[in-house]
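Enquirer: Attaching a single structure in structure tokens format; questions to follow.
Residue numbers (UniProt numbering): 1 to 180.
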């Protein structure tokens with residue numbers, strides 16, 4: 001083959017490409033405009049949207065006793081605040097619970113104690129005795145505007161309130177504190 005025929009066929013291809021290329025590009029652009037980008041007309045409506053407009057809030061512990069109003073209505077015990085290491089429980093023997101006895105309750109009021117230390121503010125009227133557990137326990141009580149603290153013996157009954165008061169006054173239990 002001669003060099004002129006090779007050069008001639010190359011120049012024909014170039015001319016053909018120069019004419020065809022703009023036509024192909026125009027056809028591609030036109031198809032995108034007419035048919036969209038390959039998605040259905042309601043694709044914008046199905047676009048993923050975040051489930052919430054803002055990040056979830058932070059959990060902040062306020063130390064208020066959960067369901068305190070319900071417990072007060074059912075048992076007459078006002079549980080106020082605590083760190084979660086002293087919690088009201090059903091009384092069970094052999095479970096290392098604190099047992100609180102009140103003249104206003106026909107049965108013991110029991111608390112499970114966990115962790116290295118704990119505290120609970122509450123209001124139980126007419127408390128006269130507390131059975132300790134394996135924890136060092138102190139209780140604060142009040143009568144007629146006067147506050148008294150009592151140390152509860154480990155795993156023994158301790159007279160508190162009226163039974164420990166020389167005048168025999170009625171005491172309400174206000175706070176329990178425990179430590180190991």
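Note that beta-carbon positions come from the ideal geometry of N, C-alpha and C, so glycine has one too.
Which whole-angstrom value is the C-beta distance of residue 129 and residue 163, which I expect to be below 8 angstroms?
Expert: The residue you call residue 129 lines up with position 129 of the chain shown. The residue you call residue 163 lines up with position 163 of the chain shown. Confirmed, Cβ separation roughly 6 angstroms.
Enquirer: Thinking just about the alpha-carbon of each residue, which of 100, 77, 113, 135 is nearest to the one in residue 127?
Expert: As a first step, residue 127 must be located in the chain shown, where it is residue number 127. Ranking the options by Cα distance to residue 127, first place goes to 100.
Enquirer: For a test of your reading of the model: does the CB of residue 102 fall under 6 angstroms from any non-hydrogen atom of the ligand ATP? Yes or no.
Expert: Although the ligand ATP was asked about, the structure shown includes no ligands whatsoever.
Enquirer: Taking the alpha-carbon of residue 143 as reference, which of 158, 132, 167, 154 has the nearest alpha-carbon?
Expert: To locate residue 143, count along the chain shown from 1; it is residue 143. Per the Cα distances, 167.
Enquirer: With distance defined between alpha-carbon atoms, name the residue in 73, 77, 68, 65 nearest to residue 123.
Expert: The sequence position of residue 123 within the chain shown is 123, counting from 1. Cα-wise, what sits closest to residue 123 is 77.
Enquirer: Under 7 angstroms, Cβ to Cβ, is there at least one residue of chain D near residue 143?
Expert: Any reference to chain D falls outside this structure, which holds one protein chain only.
Enquirer: So, residue 86 versus residue 118, is the Cβ gap smaller than 7 angstroms?
Expert: Within the chain shown, numbered from 1, the residue matching residue 86 stands at position 86. Within the chain shown, numbered from 1, the residue matching residue 118 stands at position 118. Against a cut-off of 7 angstroms, the Cβ pair of residue 118 and residue 86 comes out as a contact.
Enquirer: Out of 161, 104, 134, which has the shortest C-alpha to C-alpha gap to residue 173?
Expert: The count along the chain shown starts at 1 and reaches residue 173 at position 173. Comparing Cα-Cα distances from residue 173 to each of 161, 104, 134, the minimum goes to 161.
Enquirer: Find out if the Cβ-Cβ distance for the pair residue 178, residue 113 is shorter than 7 angstroms.
Expert: Within the chain shown, the letter at position 178 stands for residue 178. Within the chain shown, the letter at position 113 stands for residue 113. Contact: yes.
Enquirer: Just the C-alpha distance for residue 141 and residue 79, rounded to the nearest angstrom, thanks.
Expert: Here residue 141 refers to the residue found at position 141 of the chain shown. Here residue 79 refers to the residue found at position 79 of the chain shown. About 14 angstroms.
Enquirer: Whole angstroms is fine: what's the gap from residue 93's alpha carbon to residue 155's?
Expert: Counting from 1 along the chain shown, the entry for residue 93 is found at position 93. Counting from 1 along the chain shown, the entry for residue 155 is found at position 155. Rounded to the nearest angstrom, the two C-alpha atoms are 12 angstroms apart.
Enquirer: In whole angstroms, what separates the C-alpha of residue 91 from that of residue 98?
Expert: If you number the chain shown from 1, residue 91 lands on position 91. If you number the chain shown from 1, residue 98 lands on position 98. Each residue's Cα considered, the two are about 9 angstroms apart.
Enquirer: Rounded to a whole number of angstroms, what is the C-alpha to C-alpha distance between residue 82 and residue 121?
Expert: Here residue 82 corresponds to residue number 82 of the chain shown, with the count starting at 1. Here residue 121 corresponds to residue number 121 of the chain shown, with the count starting at 1. Going from the Cα of residue 82 to the Cα of residue 121 covers about 6 angstroms.
Enquirer: Check each candidate in 69, 149, 73, 65 and name the one with the smallest Cα separation from residue 84.
Expert: Translated into positions along the chain shown, residue 84 becomes position 84. The option with the nearest alpha carbon to residue 84 is 65.
Enquirer: List the DSSP bridge partners of residue 120.
Expert: In the chain shown, residue 120 corresponds to position 120, counting from 1. Paired residues: 82, 176.
Enquirer: Does the beta-carbon of residue 104 have 16 or more other beta-carbons within 10 angstroms, so that it is buried, or is it exposed?
Expert: Numbered from its first residue, the chain shown carries residue 104 at position 104. Exposed.
Enquirer: Below 8 angstroms on the Cβ atoms is my contact criterion, and I expect residue 135 with residue 180 to pass it. Report the Cβ-Cβ distance as a whole number of Å.
Expert: Reading the chain shown from its first residue, position 135 is the one you call residue 135. Reading the chain shown from its first residue, position 180 is the one you call residue 180. For residue 135 against residue 180, the beta-carbon gap comes to about 6 angstroms, under 8 angstroms, which counts as contact.
Enquirer: Going by DSSP in three states, residue 67 sits in which element: helix, strand or coil?
Expert: Here residue 67 refers to the residue found at position 67 of the chain shown. Of the three classes helix, strand and coil, the one that applies to residue 67 here is coil, per DSSP.
Enquirer: What span of residues does the beta strand (DSSP E) with residue 127 cover, start to end?
Expert: Start at 1 with the first residue of the chain shown, and residue 127 comes out as number 127. Residues 127-131.
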